[in-house]
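Peer 1:
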Amino acid sequence: MDRKLTSNSLKQTFDRRSFVIGSVQGGIGVLLAARMGYIAVAENEKYEMEAESNRVNLSLIPPRRGWILDRNGSPLASNRADFRVDVIPERVVDIDATVETLGELLEFSEPEKADLRDRMQDSAGFSAVAVANGLDYEKFAAVSVRIPELPGVIPQRGYSRFYPTGPSVGHLLGYVGTPSREEYDENPQPLLLTPGFKLGKDGIEKEFEQKLRGVPGARRVEVTASGRIVRDLETREDTQGDAVQLTIDGPLQDYAARRLGLESGSVVVMDCLSGDLLCMASMPSFDPNSFSDGIGRVEFGMLRDNERVPLRNKTLKGLYPPGSTVKPMHSMAFMHEGVSPSETIVCGGGRRIGNRFFNCWSNHGVVDMAKAVYQSCDSYYYHFAQQVGFDKVAAYARRFGLGQEFDLPVASQFYGTVPDPQWKLEKYGQEWQPYDTVNASIGQGYYLASPLQLAVMSARIATGRNVAPALIKSEQKRPFASLDFRDDEISYIRQAMSDVVNGPGTAGRARLPLENVLLAGKTGTAQVVSLRYSDGKSGPWQFRDHGLFVFFAPFDNPRYAGAVVIEHGGGSGAAYPVARDVMTFLLDPQKGLDALHALEEQWGGTAQERLDRQYQAYAAAAGVDLPPAPPPVTLAEQVDAEARAAYSGPEEADSTVFSPRDEANPRSEGAST
Amino acid sequence: MRGQIALPAPLAEFPWRVVIPLTLLVAFGAMVLHSAAGGSMSPYADSHLIRFAVFLVVALVMARFPEDFVRLMAIPAYIIILVLLMAVEAVGQLGGGSQRWLELGFMRLQPSELMKPGIVLIIAAFYHMLPVGMISSWRALLVPLGLIAMPMGLVLLQPDLGTSLAIGFGGVVVMFLAGVPDKWFIGGGIAAVILAPIAYFFGLQPYQQQRVLTFLDPASDPQGTGYHIIQSKIAIGSGGLSGKGFGEGSQSQLDYLPEPHTDFVFATMAEEWGLIGGLFVLLVFGIVLRWGLIIARDAQTRFARLLAGGMTATIFFYVAVNLMMVMGLAPVVGIPLPFMSHGGSSMMTNMICVGVLMMVERWNRQTSS
Numbered sequence: 006m007d008r009k010l011t012s013n014s015l016k017q018t019f020d021r022r023s024f025v026i027g028s029v030q031g032g033i034g035v036l037l038a039a040r041m042g043y044i045a046v047a048e049n050e051k052y053e054m055e056a057e058s059n060r061v062n063l064s065l066i067p068p069r070r071g072w073i074l075d076r077n078g079s080p081l082a083s084n085r086a087d088f089r090v091d092v093i094p095e096r097v098v099d100i101d102a103t104v105e106t107l108g109e110l111l112e113f114s115e116p117e118k119a120d121l122r123d124r125m126q127d128s129a130g131f132s133a134v135a136v137a138n139g140l141d142y143e144k145f146a147a148v149s150v151r152i153p154e155l156p157g158v159i160p161q162r163g164y165s166r167f168y169p170t171g172p173s174v175g176h177l178l179g180y181v182g183t184p185s186r187e188e189y190d191e192n193p194q195p196l197l198l199t200p201g202f203k204l205g206k207d208g209i210e211k212e213f214e215q216k217l218r219g220v221p222g223a224r225r226v227e228v229t230a231s232g233r234i235v236r237d238l239e240t241r242e243d244t245q246g247d248a249v250q251l252t253i254d255g256p257l258q259d260y261a262a263r264r265l266g267l268e269s270g271s272v273v274v275m276d277c278l279s280g281d282l283l284c285m286a287s288m289p290s291f292d293p294n295s296f297s298d299g300i301g302r303v304e305f306g307m308l309r310d311n312e313r314v315p316l317r318n319k320t321l322k323g324l325y326p327p328g329s330t331v332k333p334m335h336s337m338a339f340m341h342e343g344v345s346p347s348e349t350i351v352c353g354g355g356r357r358i359g360n361r362f363f364n365c366w367s368n369h370g371v372v373d374m375a376k377a378v379y380q381s382c383d384s385y386y387y388h389f390a391q392q393v394g395f396d397k398v399a400a401y402a403r404r405f406g407l408g409q410e411f412d413l414p415v416a417s418q419f420y421g422t423v424p425d426p427q428w429k430l431e432k433y434g435q436e437w438q439p440y441d442t443v444n445a446s447i448g449q450g451y452y453l454a455s456p457l458q459l460a461v462m463s464a465r466i467a468t469g470r471n472v473a474p475a476l477i478k479s480e481q482k483r484p485f486a487s488l489d490f491r492d493d494e495i496s497y498i499r500q501a502m503s504d505v506v507n508g509p510g511t512a513g514r515a516r517l518p519l520e521n522v523l524l525a526g527k528t529g530t531a532q533v534v535s536l537r538y539s540d541g542k543s544g545p546w547q548f549r550d551h552g553l554f555v556f557f558a559p560f561d562n563p564r565y566a567g568a569v570v571i572e573h574g575g576g577s578g579a580a581y582p583v584a585r586d587v588m589t590f591l592l593d594p595q596k597g598l599d600a601l602h603a604l605e606e607q608w609g610g611t612a613q614e615r616l617d618r619q620y621q622a623y624a625a626a627a628g629v630d631l632p633p634a635p636p637p638v639t640l641a642e643q644v645d646a647e648a649r650a651a652y653s654g655p656e657e658a659d660s661t662v663f664s665p666r667d668e669a670n671p672r673s674e675g676a677s678t
Numbered sequence: 143m144r145g146q147i148a149l150p151a152p153l154a155e156f157p158w159r160v161v162i163p164l165t166l167l168v169a170f171g172a173m174v175l176h177s178a179a180g181g182s183m184s185p186y187a188d189s190h191l192i193r194f195a196v197f198l199v200v201a202l203v204m205a206r207f208p209e210d211f212v213r214l215m216a217i218p219a220y221i222i223i224l225v226l227l228m229a230v231e232a233v234g235q236l237g238g239g240s241q242r243w244l245e246l247g248f249m250r251l252q253p254s255e256l257m258k259p260g261i262v263l264i265i266a267a268f269y270h271m272l273p274v275g276m277i278s279s280w281r282a283l284l285v286p287l288g289l290i291a292m293p294m295g296l297v298l299l300q301p302d303l304g305t306s307l308a309i310g311f312g313g314v315v316v317m318f319l320a321g322v323p324d325k326w327f328i329g330g331g332i333a334a335v336i337l338a339p340i341a342y343f344f345g346l347q348p349y350q351q352q353r354v355l356t357f358l359d360p361a362s363d364p365q366g367t368g369y370h371i372i373q374s375k376i377a378i379g380s381g382g383l384s385g386k387g388f389g390e391g392s393q394s395q396l397d398y399l400p401e402p403h404t405d406f407v408f409a410t411m412a413e414e415w416g417l418i419g420g421l422f423v424l425l426v427f428g429i430v431l432r433w434g435l436i437i438a439r440d441a442q443t444r445f446a447r448l449l450a451g452g453m454t455a456t457i458f459f460y461v462a463v464n465l466m467m468v469m470g471l472a473p474v475v476g477i478p479l480p481f482m483s484h485g486g487s488s489m490m491t492n493m494i495c496v497g498v499l500m501m502v503e504r505w506n507r508q509t510s511s
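From first to last, the protein sequence lines are chains R and F.
Note that the first sequence covers residues 6 to 678 in the numbering used here.
Note that the second sequence covers residues 143 to 511 in the numbering used here.
(1) Please tell me whether Ser-392/F has its Cβ less than 8 Å away from any Cβ of chain R.
(2) Can you name the residues of chain F whose CB is closer than 9 Å to the CB of Val-235/R?
(3) Look at Gly-219/R and Gln-161/R and say whether their C-beta atoms are less than 8 Å apart.
(4) Any idea what DSSP makes of Met-288/R, helix, strand or coil?
(5) Return the first residue and the last residue of the alpha helix (DSSP H) that Ser-23/R is part of.
(6) Would you identify the three-state DSSP class for Met-183/F, choosing helix, strand or coil?
(7) Please confirm if the stretch 151-163 of chain F is in contact with the stretch 495-503 of chain F, defined as three or more CB-CB distances below 8 Å between the two stretches.
(8) Less than 8 Å between the CB atoms is what I'm expecting for Leu-523/R and Ser-503/R, so what's the real figure, rounded?
(9) Taking DSSP's pairing of strands, which residues face Lys-527/R in a bridge?
(10) Please determine, among Gly-310/F, Ala-450/F, Ile-429/F and Gly-321/F, the residue with the shortest C-alpha to C-alpha distance to Met-292/F.
(11) CB-CB under 8 Å to Gln-126/R, same chain, minus the five flanking residues each way: which ones, in chain order?
(12) Any idea what DSSP makes of Ser-653/R, helix, strand or coil?
(13) Would you check if there are 3 or more beta carbon pairs closer than 8 Å linking the stretch 451-458 of chain F to the stretch 253-270 of chain F?
(14) Where does the unbroken beta strand (DSSP E) through Tyr-164/R begin, and where does it stop?
(15) I'd like to know if Ile-328/F contacts chain R, where contact means its C-beta is closer than 8 Å to some C-beta of that chain.
(16) Strictly below 9 Å CB to CB, what residues from chain F border Thr-229/R?
(17) Check the Cβ-Cβ distances between Ile-33/R and every residue of chain F, and say whether any is below 8 Å.
(18) Pick helix, strand or coil for Val-97/R, following the three-state DSSP scheme.
(19) In three-state terms, what does DSSP make of Leu-592/R?
(20) Can you tell me the Cβ-Cβ gap for Leu-616/R and Asp-292/R, rounded? I've got them flagged as a contact below 8 Å.
(21) Out of Val-354/F, Thr-305/F and Arg-281/F, point me to the one whose CA is closest to Pro-323/F's CA.
(22) By alpha-carbon positions, which one of Met-275/R, Gly-450/R and Gly-182/R ends up nearest to Tyr-565/R?
(23) Alpha carbon to alpha carbon, what distance is there between Gln-347/F and Asp-130/F?
(24) At which residues does the alpha helix (DSSP H) containing Tyr-387/R begin and terminate?
(25) Keeping to the same chain, check which residues put their C-beta closer than 7 Å to that of Leu-488/R; ignore five residues upstream and five downstream.
(26) Do you know whose CA, among Val-97/R, Asp-281/R, Pro-67/R and Gly-552/R, lies nearest Ile-477/R's CA?
(27) Say whether chain R places a C-beta atom closer than 8 Å to the C-beta of Phe-268/F.
(28) Just curious, the beta strand (DSSP E) that Asn-364/R is in, first and last residue?
(29) Short of 7 Å in beta carbon distance, which residues of its chain neighbour Leu-519/R, apart from the five on each side in sequence? Order them along the chain.
(30) Under 7 Å from any heavy atom of the ligand FAD, does the C-beta of Arg-242/F make it?
(31) Please return the same chain residues whose Cβ sits closer than 7 Å to the Cβ of Met-183/F, not counting the five positions on each side in sequence.
(32) Closest to Ile-371/F by C-alpha separation, out of Met-411/F, Gly-470/F and Val-315/F, would be which residue?
(33) Name, please, each residue of chain F whose Cβ falls closer than 8 Å to the Cβ of Gln-53/R.
(34) DSSP on Tyr-452/R, reduced to helix/strand/coil?
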């Protein structure tokens, strides 16, 4: 009985406890149902959104960049449809393996692979690094099919920037490139991380970035967790950026750049009436087309090692002693200060100023103002600069644009030096000496000007008006204020400058090969080192004199004005044939081209062809042992800094007296014809 | 028996009440697996249905075993499974890595799975043999604890926390139903609370510790271990009341949901079928578990009662832990959802449990008639 009772009580315990377990099970069942109801109904909206944001991937389509047009509406920079490959380093599992595979598929050389590796390691991680663009379809397809084993690599169809005239517009327009980490930190927009997006890094491309950029398009796609695109859901087209129209004359710009040929120098041509800059060529240059993918080490090495500084825009940032090119302007200053043009002095191969004798480059005998201009007599300027006082002359120089910065959309321009007693006192703490006046009166000594300033000076002399340069085309005509010179003063100088070319002057060979247009101009030779080191015409390139030429045409009713500077050209004779041909092209293109083609045959091809060859040769010689290129921003700053250092003037006040050299019959006279 | 309808004996004896709901659930599971395979019967849905068919036959065969035979087999079965567990460990040691299965040539046998019904069987048999008066004695407590501890330890070595806990849970539930005094359970509960932190720091693998941490705060590691829970909740939550439709679940179709065909099959289902689908699954499990508990209550012998109760608890443990896991109520432990998740071991274990319940139901009918 006992046992049965106990067995029964155990059965009761079992029933009680199985009821407990059943209740617990039921309770958990209810809990689960409630929990599910809560997630699926109450929080449904939240989770639906999260599922949607999982499923749908919004990717930006880089906007097509606005074109940069010349004054006639032809593109200086446009876009070319191409196949490209980018990589997002953050998503790459094995950088070395990826670089190897891509290098193999795209037939990269060793330095190219090293560049790619550097760029991937230095990038912001999440932003895209350009691997290659302008690919043909076969290579593009070869990369596309390997995508599953190359995480982070993005082949896509897109647009790349195209500069039809390449190196001719390199300095003027700048170039585009992938945004750097600094640029992203400054302006953290998702667009900057979009593969294929480029922004302006220099020149017009940088200054007009916002206008050129446009509005990105967007693509909504359904993606899997591993990022594979399943299908397109919706696409919004991009809006192309606005075009920027420059005052530049595209063909003239290209002509001038090519005409500079093997020389290092710049050509500026402007419209005297409107101030429009028609041409701002600076050579040697780089090819902005090949900078779009980032600057490779070969390219950078080649540019850095070139003593002719291909990275500097010499029209704005090249500073040179203006030499004799300031003489017409100084003459106008003398006239306005009461010196009659007919007043003469005697040049006896030089002239005594105070108690010292200063040399002229030749013995000119009796010299009036006109002869002083067309024969470039130094004695005349020694004398009258001393008589008028150089502080007054310097004030005129500034009115004519020297030492001035202009209101232009450029990243930087150097304004040079117009020396006067106060400037010398501030800079060196020394009094102005008679020899300072002598040096400055013929554009030497501390005098420094950029080719742009020389062109502006020439336009102001030609018109007697305060011509201001413009780079952006605008329909409004701004009549420039008069500089308060009488018409007879202006035409006197015009005639004297015409005589430089068309009369008994120093640049007879600058005469235009045209019937009805006479060019007026003034030669200049800027001495780099004193006669002790070099005669300025031969010897090491960097010791040769700069050749300068300022000009306008037609001489009696000026329409165009400009300046040519040939660095270390050995004298003005290197400069005025360039000016002559550029002006000939402007007025009669076919004649200009004939002259150029003959020259290019001697030089071995166009600027682009020569640059390509140079690159090949440099790459072959250097191999892989080159340091990587710094980011473009630093690069530009370095170039600027070096340039500033080079032109900040000597540390010590210069006490040497300038010994002028031959103006006429310069070295390149023979070579350039 | 209740609700007796005039049917021919073989038909009346056939366990319709469990086979129909289970077949519906497995068919539903096959649909979900079809969708998880990207809209294809292979490789998941077809093998799922075949396994169910095979193991249903096995269960129906098991249902014909007599009670005495089963009771007799309890100890040899337990010992054999224990030896197999040791063999797995030995093979694993020799092979230089952890291993959970034995390669038999024709199939991969996972002895830890067999231990889930095995532990219920041995403990039910032990209490059946134990004199009634001794239920409060130390022997009634320590012997079953030892029987549970040995396989749990071996499975933990594999290491497989989920299965180990399932074995422990099955064994303890049988002890509870057998009438072991309340004080032991209360004491055990307190001891568990104290031991849990110690076990956490010394007993768990780093990846398991991480899972516990992630369970407490899934957002702390959204791309790592928290990813499973977050994606699972997104799948269930975005399904809403009626779901996105068959084959339309973006979370599972586009691979955002990890393991959409095994541990997270419920989330795959919920995304496409919504709350309605979820309630259907819960209802079927409710029917099956209620059926199991009724069998246990109606059982005539102590052995049969404990056996049926323990089997029901084992199935319940799977369901509860899996569903709590996918809904973010429990840490991620590798426990599949019975009858829906793709996987032979889980189907085998659960069908053995169902087979045992059918068997007890038959014994009940025999004694009552």
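A virtual CB, placed ideally from N, CA and C, is assigned to each residue, including glycine.
Source: prediction; values computed, not measured.
Peer 2: Reading from the atomic positions:
(1) Along the second sequence, read from residue 1 onward, the residue named residue 392/F stands at position 250. So yes, Ser-392/F belongs to the interface.
(2) Translated into positions along the first sequence, residue 235/R becomes position 230. Correct list: Gln-395 and Leu-396.
(3) Here residue 219/R refers to the residue found at position 214 when the first sequence is read from its first residue. Here residue 161/R refers to the residue found at position 156 when the first sequence is read from its first residue. Cβ distance not < 8 Å, so Gly-219/R and Gln-161/R don't count as in contact.
(4) For this step, residue 288/R is matched to residue 283 along the first sequence. Strand.
(5) Along the first sequence, one-based indexing puts residue 23/R at 18. Taken as a continuous stretch (DSSP letters only), the alpha helix (DSSP H) holding Ser-23/R covers 7-42.
(6) The sequence position of residue 183/F within the second sequence is 41, counting from 1. Met-183/F: coil per DSSP, three-state reduction.
(7) yes
(8) Within the first sequence, the letter at position 518 stands for residue 523/R. Within the first sequence, the letter at position 498 stands for residue 503/R. Their Cβ separation, rounded to whole angstroms, is 5 Å, which keeps Leu-523/R and Ser-503/R in contact under 8 Å.
(9) Within the first sequence, residue 527/R is the residue found at index 522, counting from 1. Lys-527/R pairs with Val-555/R.
(10) For the purposes of this step, residue 292/F is identified with residue 150 of the second sequence, where counting begins at 1. Checked all of Gly-310/F, Ala-450/F, Ile-429/F and Gly-321/F; the closest Cα to Met-292/F is Gly-310/F.
(11) Working through the first sequence from its first residue, we reach residue 126/R at position 121. Answer for Gln-126/R: Pro-94 and Ile-100, listed in chain order.
(12) Residue mapping note: residue 653/R aligns to position 648 of the first sequence, counting from 1. The pLDDT assigned to Ser-653/R is 49, lower than 50, so where the model puts this residue is not dependable, and the model offers no usable value.
(13) yes
(14) What you label residue 164/R is simply residue 159 of the first sequence in a count that begins at 1. Segment 158-167, the beta strand (DSSP E) holding Tyr-164/R.
(15) Against the second sequence, residue 328/F aligns to sequence position 186. Closer than 8 Å: no.
(16) In the first sequence, residue 229/R corresponds to position 224, counting from 1. Those within 9 Å of Thr-229/R in chain F are Gln-395, Leu-396, Asp-397 and Tyr-398.
(17) As a working note, residue 33/R is residue 28 in the first sequence. Closer than 8 Å: yes.
(18) The count along the first sequence starts at 1 and reaches residue 97/R at position 92. Of the three classes helix, strand and coil, the one that applies to Val-97/R here is coil, per DSSP.
(19) Here residue 592/R refers to the residue found at position 587 when the first sequence is read from its first residue. Three-state result, Leu-592/R: helix.
(20) Reading the first sequence from its first residue, position 611 is the one you call residue 616/R. Reading the first sequence from its first residue, position 287 is the one you call residue 292/R. Yes, they are in contact, since the Cβ atoms of Leu-616/R and Asp-292/R sit about 6 Å apart, within 8 Å.
(21) Here residue 323/F refers to the residue found at position 181 when the second sequence is read from its first residue. It is Arg-281/F.
(22) Looking up residue 565/R in the first sequence gives position 560. If we check each option's Cα against that of Tyr-565/R, Met-275/R comes out closest.
(23) In the structure as shown, chain F begins at 143 and stops at 511. Residue 130/F is therefore absent and cannot be evaluated.
(24) In the first sequence, residue 387/R corresponds to position 382, counting from 1. Note, Tyr-387/R: alpha helix (DSSP H), 383-393.
(25) Numbered from 1 along the first sequence, position 483 holds the residue referred to as residue 488/R. Hits under 7 Å: Arg-404, Arg-465, Gly-469, Arg-470 and Asn-471.
(26) As a position in the first sequence, residue 477/R is number 472, starting the count at 1. Among Val-97/R, Asp-281/R, Pro-67/R and Gly-552/R, the Cα nearest to that of Ile-477/R belongs to Asp-281/R.
(27) Translated into the one-based positions of the second sequence, residue 268/F becomes position 126. Taking Cβ atoms only, chain R never reaches closer than 8 Å to Phe-268/F, which makes this a no.
(28) Residue mapping note: residue 364/R aligns to position 359 of the first sequence, counting from 1. 361-364 is the span of the beta strand (DSSP E), which, as asked, contains Asn-364/R.
(29) To locate residue 519/R, count along the first sequence from 1; it is residue 514. Excluding positions up to five away in sequence, the list reads Thr-589, Leu-592 and Asp-593.
(30) With respect to the ligand FAD, the structure shown offers nothing to examine, as it has no ligands at all.
(31) Position 41 of the second sequence, counting from 1, holds the residue named residue 183/F. Within the same chain, Met-183/F has close Cβ partners His-176.
(32) Start at 1 with the first residue of the second sequence, and residue 371/F comes out as number 229. It is Gly-470/F.
(33) Along the first sequence, read from residue 1 onward, the residue named residue 53/R stands at position 48. First, the amino acid is wrong: residue 53/R is Glu here, not Gln. Correct list: Gly-379, Ser-380 and Gly-382.
(34) Taking the first sequence and counting its residues from 1, one reaches residue 452/R at position 447. Reduced to three states, the DSSP call for Tyr-452/R is coil.
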